[in-house]
Amino acid sequence: DLKSDNCLVRENGRSVVVADFGLSRILQYSNSSGNTSRNNSALFVNECAEFVAMTHAESPDSSSATNSFIVAAKRKLKKRAINSHRRRYAVVGNSFSMAPEMLKHQIYDERVDIFSFGIICCEIIGRVQADPDYLPRTSDFGLNVELFRKKYCEPDCPKQFIKIAIACCELDPEHRPAFAKTHLWLNTILHHLQANHPIPKNLLKNILQQANAAGLPQLKL
Numbered sequence: 001d002l003k004s005d006n007c008l009v010r011e012n013g014r015s016v017v018v019a020d021f022g023l024s025r026i027l028q029y030s031n032s033s034g035n036t037s038r039n040n041s042a043l044f045v046n047e048c049a050e051f052v053a054m055t056h057a058e059s060p061d062s063s064s065a066t067n068s069f070i071v072a073a074k075r076k077l078k079k080r081a082i083n084s085h086r087r088r089y090a091v092v093g094n095s096f097s098m099a100p101e102m103l104k105h106q107i108y109d110e111r112v113d114i115f116s117f118g119i120i121c122c123e124i125i126g127r128v129q130a131d132p133d134y135l136p137r138t139s140d141f142g143l144n145v146e147l148f149r150k151k152y153c154e155p156d157c158p159k160q161f162i163k164i165a166i167a168c169c170e171l172d173p174e175h176r177p178a179f180a181k182t183h184l185w186l187n188t189i190l191h192h193l194q195a196n197h198p199i200p201k202n203l204l205k206n207i208l209q210q211a212n213a214a215g216l217p218q219l220k221l
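Using UniProt numbering, the first residue of the sequence shown is number 1, and each one after it goes up by one.
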């Protein structure tokens with residue numbers, strides 16, 4: 001259940017601990033015969049660039065945008081898989097940060113956490129909650145990139161960070177950058193900003209290549 005509420009900032013304000021692994025599952029890898037060949041613990045984000053976790057107070061009064069998002073999510077979750085030989089995991093977590101494949105009750109893997117991480121990055125960039133009343137979303141549970149850019153992407157925010165956040169929120173999990181690559185990108189940005197050096201141009205091109213391969217025309221220089 002990767003969301004900003006579960007990202008705890010240490011007193012120094014420069015390191016974050018990811019909490020609440022109570023609903024984590026053990027990844028199972030199967031061979032061609034369908035037998036489980038090995039188990040491997042799913043280790044997700046354990047380090048990222050400096051950010052501030054937000055604590056959201058629940059409000060009893062939800063607006064129409066929030067209600068429509070929740071209703072659509074519940075409708076998708078009620079659909080059951082039929083005649084599927086592939087494993088489907090339980091659907092758990094906060095619907096605002098859930099990946100589209102989870103809300104659509106499709107088969108999913110650890111890449112759902114990449115999407116959730118992208119939503120957290122968007123919260124940081126926009127300084128808003130993941131609630132669709134604030135963070136613009138699409139009807140298919142994705143990020144409304146155009147509206148997000150228009151409302152929240154300020155000129156003083158590193159454009160490389162914005163592009164990373166958008167790439168992580170790609171609808172197709174196959175097109176989301178791996179955490180290892182995202183971690184490298186963020187560390188590179190952080191180190192250069194701390195040293196007051198310009199961020200390498202090739203880093204931006206690397207992100208753009210990843211995004212363009214995923215079919216995201218909005219990510220351009």
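By construction, the Cβ of each residue, glycine as well, lies at the ideal position given by its N, Cα and C atoms.
Burial state of residue i (16 or more Cβ within 10 Å)
i: residue 3; result: buried
i: residue 113; result: buried
i: residue 13; result: exposed
i: residue 123; result: buried
Selection from the options that minimises the alpha carbon distance to residue i
i: residue 130; options: 119, 140, 139; result: 119
i: residue 209; options: 196, 156, 181; result: 181
i: residue 22; options: 166, 97, 1; result: 1
i: residue 140; options: 201, 13, 99; result: 99
i: residue 179; options: 136, 10, 115; result: 115
i: residue 170; options: 16, 200, 152, 145; result: 145
i: residue 161; options: 137, 188, 151; result: 188
i: residue 158; options: 102, 105, 198; result: 198
i: residue 108; options: 172, 206, 184; result: 172
i: residue 142; options: 196, 154, 155, 168; result: 168
Under the three-state DSSP convention, the category residue i falls into
i: residue 149; result: helix
i: residue 169; result: coil
i: residue 77; result: Confidence is the limiting factor: at residue 77 the pLDDT is only 48, short of 50, which leaves the residue's position unreliable, though a coordinate-based value still follows. Here residue 77 sits in helix by DSSP.
i: residue 112; result: helix
i: residue 192; result: helix
i: residue 12; result: coil
i: residue 245; result: Beyond the ends of the chain as shown, which are 1 and 221, falls residue 245; an answer cannot be given.
i: residue 132; result: coil
i: residue 102; result: helix
i: residue 179; result: helix
Residue(s) in a DSSP beta bridge with residue i
i: residue 137; result: 143
Boundaries (first-last residue) of the beta strand (DSSP E) holding residue i
i: residue 227; result: Residue 227 falls outside the range modelled here, since the chain spans only 1 to 221, and no answer is possible.
i: residue 16; result: 16 to 18
i: residue 8; result: 7 to 9
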